[in-house]
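Structure first, then comments.
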Amino acid sequence: MHTITIVGLGAGDLEQLPLGVYRQIKNSTSLLLRTKEHPVVRDLVEEGVAFRSFDEIYEKHDQFDHVYEEIVKELVSEVQIHSIVYAVPGHPLVAEKTVQMLLDLQKDGRIKVEIGGGQSFIDALFASVGADPIDGFQLLDGTSLKVQDIRMNQQLIIGQVYDGFIASEVKLTLMELYPYDYEVALVTAAGSKDEKVEHVPLVELDRAANLSNLTSLYVPAANKMETTYKQYATLREIITTLRGPNGCPWDKEQSHQSLKKYLLEETYELLEAIDEDDIDHMIEELGDVLLQIMLHAQIGEDEGMFTMEEVIESTASKMVRRHPHVFGTVEVENSEQVKANWDQIKKQEKNQNDLEPMLKNVAKGMPALLKAYEYQKNASKVGFDWTDAKGAREKVWEELKEFEREVENNSEKKIKEEFGDILFALVNVARFYKVFPEEALAMTNTKFYRRFSYVEEQVQLSGKSFEDYTLEELDDYWNEAKKKNIK
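Numbering of the sequence shown is given in our numbering, commencing with residue 16 and proceeding in unit increments.
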């Protein structure tokens, strides 16, 4: 079996090439280059080295994956005839997708690969910016940079920042986390005689000149905590500190039980912000709910019961399992099929059987209105339901009549019971019309609050007190609020 020997052209000029790599290139009878756009290649041309490059493949495709696939296909075809030397920029094992694809083929026994060495641009880049890699760093691809991949407490080296478009995309991604004036460094041809290091504010990244396929971006680690407030790791560190030996006495005293009321309060405040469509308020209240979750997770970790990572793992694995139409091969046509699949998977996960009470898993701590909704929804799944909304509406009138009868009988216990039946029947009607009863009541509460606040304001402006008004006069103010469309 013939061999593909892969060598690296280094980060800069010919003087940086290891002697062994230079000899392999010079002595090769079949030299193929991923790209000829590299300073070393100019020197090789002057020395009369013959080669073939794959640059024309880049012109044929819009996506790099397709480029790499075709290059690998041609290399595999060529090595069936004779051994070849394949030269790539930098080191073969650093940020070289085609090399990884070739190594995968070798694992399958389809080809034979040897790594001939080379010099990575990483060592030269750290020397160029005067930084120490032992402090920790990430090597990321500028063509596929994602916010969730970035760790701000580490140095970043972002490769493939070869033109203004990529630089602009990288800039926009980084500015989701870093300040606009955060200083970064563009390093081109690191370590060579043509090396260029340009320090610029992040916001000006895509305006820099001299971008090329030898350009990488260096982003220093963010050492100030306030710079990293947008990162999950920072919030985790803050919560750990608050609960730690030198933390806050109040936070250290809290337990799962003591925090329950705060979780409920923050949840309802979030619902209010959603109803008001107040984005700033939503951001704040989502953060407050997240804080409660983080505190509960930290208490779990402090007590040796569970960790935040276990909470995240549980949710992530559940989402993947219950969305086989997204993460698997199951096909669905509408959201109803999604819900049916979800319920079936959930049933399998909990090892439910036909003898287990169907309503058992409805949370006991739910408010009564929510619990009624969940009870009815679960019962409807097995056909225990009205055939249409008309039957549900008629049941409301039936319960109203029974309530009026008990009012006439002046039976306190029965009045309460029948009033509960009215509410339960109304929840059924809401469900048929796809109205979430808790949300509907919350909206009405908000509307009442605003309209009554208007009445209160008018009373205060009049210089009188509520006792000076009749109900009819106060009702006139209420009707004014309605006309003003106060909701």
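Idealized CB from N, CA, C, for every residue including glycine.
Contacts around residue i, its chain only, beta-carbon distance under 8 Å, and the 5 residues preceding and following it disregarded
{"i": "V474", "result": "S480, F481, Y484, L489 and Y492"}
{"i": "Q153", "result": "D164, I165, R166, Q169, Q170, L171 and I172"}
{"i": "R251", "result": "M309 and M323"}
{"i": "D156", "result": "A110, I173, G174 and Q175"}
{"i": "K186", "result": "L217, V218, L220 and D221"}
{"i": "Q363", "result": "none"}
{"i": "N356", "result": "R337, P339, H340, V345 and V347"}
{"i": "D303", "result": "E281, E284 and L285"}
{"i": "E495", "result": "Y469 and Q473"}
Under the three-state DSSP convention, the category residue i falls into
{"i": "D80", "result": "helix"}
{"i": "D221", "result": "helix"}
{"i": "R337", "result": "coil"}
{"i": "G124", "result": "coil"}
{"i": "R67", "result": "strand"}
{"i": "V397", "result": "coil"}
{"i": "A440", "result": "helix"}
{"i": "H97", "result": "coil"}
{"i": "F481", "result": "helix"}
{"i": "S143", "result": "helix"}
{"i": "Y233", "result": "strand"}
{"i": "A355", "result": "helix"}
{"i": "T402", "result": "coil"}
{"i": "T18", "result": "strand"}
{"i": "I173", "result": "strand"}
{"i": "L47", "result": "strand"}
{"i": "I40", "result": "helix"}
{"i": "F342", "result": "helix"}
{"i": "R251", "result": "helix"}
{"i": "Y277", "result": "helix"}
{"i": "V185", "result": "helix"}
{"i": "N424", "result": "helix"}
{"i": "N494", "result": "helix"}
{"i": "Q166", "result": "Residue identity check: residue 166 is Arg in the sequence provided, not Gln. Here R166 sits in coil by DSSP."}
{"i": "D311", "result": "Just to set this straight, residue 311 is His in the shown sequence, not Asp. In this structure, H311 counts as helix in the three-state DSSP scheme."}
Residue environment, residue i, which counts as buried when at least 16 other CB atoms sit within 10 Å
{"i": "Q95", "result": "exposed"}
{"i": "N500", "result": "exposed"}
{"i": "M320", "result": "exposed"}
{"i": "R125", "result": "exposed"}
{"i": "L486", "result": "exposed"}
{"i": "R465", "result": "exposed"}
{"i": "Y193", "result": "buried"}
{"i": "L232", "result": "buried"}
{"i": "T243", "result": "buried"}
Close beta carbons around residue i, own chain, < 6 Å, minus the five adjacent residues each side
{"i": "D196", "result": "P216"}
{"i": "K112", "result": "Y83"}
{"i": "Q313", "result": "I254 and R258"}
{"i": "E85", "result": "I72"}
{"i": "L120", "result": "I126"}
CB contact below 7 Å: residue i versus chain C
{"i": "T113", "result": "Reference to chain C is not applicable here, since this structure consists of a single protein chain."}
Identified DSSP bridge partners for residue i
{"i": "K431", "result": "Note: K431 sits in no beta bridge, so no partner."}
{"i": "V212", "result": "V202"}
{"i": "I130", "result": "I21"}
{"i": "V470", "result": "V470 is not bridged to any residue."}
{"i": "D156", "result": "G174"}
{"i": "G105", "result": "G25"}
Neighbourhood of residue i by C-beta, 7 Å cutoff - its chain only, sequence neighbours within 5 removed
{"i": "V114", "result": "I21, V103, P107 and L108"}
{"i": "A288", "result": "H296, M297 and E300"}
{"i": "F342", "result": "V335"}
{"i": "F434", "result": "F418"}
{"i": "I360", "result": "R336 and R337"}
Using 8 Å as the threshold, is the segment 90–105 in touch with the segment 36–46, meaning 3 or more CB pairs across them? yes
With a cut-off of 8 Å, do at least 3 Cβ pairs link the segment 295–304 to the segment 343–351? no
Do three or more CB pairs link the segment 124–141 to the segment 61–78 at distances below 8 Å? no
Cβ pair count under 8 Å reaching 3, the segment 413–422 against the segment 432–450: yes
Given 8 Å as the limit, is there contact between the segment 235–244 and the segment 203–219, that is, 3 or more CB pairs closer than that? no
Quick test of the definition: if touching needs 3 or more C-beta pairs under 8 Å, does the segment 446–463 touch the segment 381–395? yes
Pairs of beta-carbons, one from the segment 53–66 and one from the segment 25–35, closer than 8 Å: are there three or more? yes
With a cut-off of 8 Å, do at least 3 Cβ pairs link the segment 197–216 to the segment 137–144? yes
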